[in-house]
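End of the sequence shown sits at 167 in this note's numbering; the numbers just go up one at a time, nothing left out. Shown next, in structure tokens, is the structure this report addresses.
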Amino acid sequence: MRAVVTRVKNASVEIDGRVNGSIDQGFLVLLGVGPNDTEAQAAKMADKVCGLRVFEDENGKMNRNLEAVGGSLLVVSQFTLYADTKSRRPGFTGAAKPDIAVPLYEKFMAECEGRGFHVEHGEFGADMQVFSQNDGPVTILFDTDHM
């Protein structure tokens, strides 16, 4: 499982011209699922993301987590995180098929909600327009193969 996590002042996702999900301060999470990913990896990813300390404390140091700032998450499925870029036209056979990816995408969000966070989301497989006001910018890459 791979995630690109960006600290945002606000973020939203639109589908067919309507807002499907919107948050203020928190994390925009672009989440990709691989074919061998598991529920345990989804839980571990949620733990890492929700505990990430990248919000500034009173001394201007990145020392506060999502809970400390009352932040939310906007989670958007992103199969392109598994792109094969050996050629100029990327292939996506490394991404999990929907029958595996959808339940794990939903499991990740449920794990975040179970930790007490408000979660908004896109729609798996939809053509989405994602908007964000990045804060910093601070963007962190997670990969369960390297955790």
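Cβ atoms here follow ideal geometry from the backbone N, Cα and C, with glycine treated the same way. Quick caveat, the model's predicted, so the values are computed rather than measured.
- A distance of 8 Å or more separates the beta carbons of alanine 88 and tyrosine 102.
- Membership of glycine 134 in the alpha helix (DSSP H) is indicated by the continuous run 118-134.
- According to the DSSP assignment, glutamine 98 belongs to no beta strand (DSSP E), since it is labelled neither H nor E.
- For aspartate 163, the pairing in a beta bridge is given by DSSP as Arg22.
- Within the same chain, and ignoring the five residues on either side of serine 92 in sequence, the residues whose Cβ sits closer than 6 Å to its Cβ are Ile43, Gly46 and His138.
- The C-beta of methionine 65 has 16 or more other C-beta atoms within 10 Å across all chains shown, which makes the residue buried.
- Between the alpha carbons of valine 96 and phenylalanine 151 lies a gap of roughly 11 Å.
- Contact between threonine 113 and aspartate 104 holds: CB atoms are separated by about 7 Å, below the 8 Å threshold.
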